[in-house]
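Numbering (full-length UniProt numbering), first residue to last: 1 to 125.
We treat Cβ as the ideally placed atom computed from N, Cα and C, and that holds for glycine.
What follows is a set of notes on a single structure, which appears directly below.
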C-alpha cells in the first residue's frame with residue numbers, strides 16, 4: 001500500500017488515500033466523466049467495477065489537509081465534489097473520457113429580457 005495525495009481542483013485542499021500502487025490514475029476533475037462508475041473513498045475503489053473515486057472535499061473518509069504552501073486556518077475543504085478518474089480500457093483501447101452532459105430545465109412562460117432595441121427612450125425616428 002502507498003499513500004497518494006490528490007488536490008481539490010477548486011480550493012486546493014489535499015486528500016490522501018492509502019491504496020495499492022497498481023491503480024493507474026488518469027486525472028482529477030471537478031466533474032464526473034461520462035460512463036465512469038464512481039465510488040466513495042470508504043467503498044472498495046480497488047474493485048474492477050470502480051472507474052474512479054468521488055470525493056466530497058473535506059468530508060470523506062480520506063485524510064484531509066491544507067496544501068503545504070497554504071496559510072489557511074480551520075478545517076480544510078470546500079465541500080464540493082471532485083473526481084479521481086482511473087485509466088479505463090474498452091476493447092483494448094484507452095478511453096479518453098468526456099465530461100457528463102448537464103441537463104438544464106428552462107423556466108416556462110418567461111420571456112427573455114434584455115435590451116429593447118432602438119425603440120427605447122431618447123430614440124427618435
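- Between the alpha carbons of residue 1 and residue 46 lies a distance of about 12 Å.
- Burial state of residue 21 is exposed, judged by a 10 Å Cβ sphere holding fewer than 16 other Cβ atoms.
- Relative to the Cα of residue 18, the nearest Cα in the group 96, 93, 10, 53 belongs to 53.
- The continuous beta strand (DSSP E) containing residue 7 extends over residues 2-7.
- Relative to residue 65, the option among 3, 15, 10 whose CA is nearest is 15.
- Listed in chain order, the non-local C-beta contacts of residue 62 below 7 Å within the same chain comprise 15, 16, 17, 41, 55, local neighbours out to five positions each way being set aside.
- In this structure, residue 88 and residue 44 do not form a Cβ contact; the two beta carbons are roughly 17 Å apart against a cut-off of 8 Å.
- For the pair residue 94 and residue 76, the Cα-to-Cα distance works out to about 34 Å.
- For residue 91, the number of other beta carbons within 10 angstroms of its own is below 16, and it is reported as exposed.
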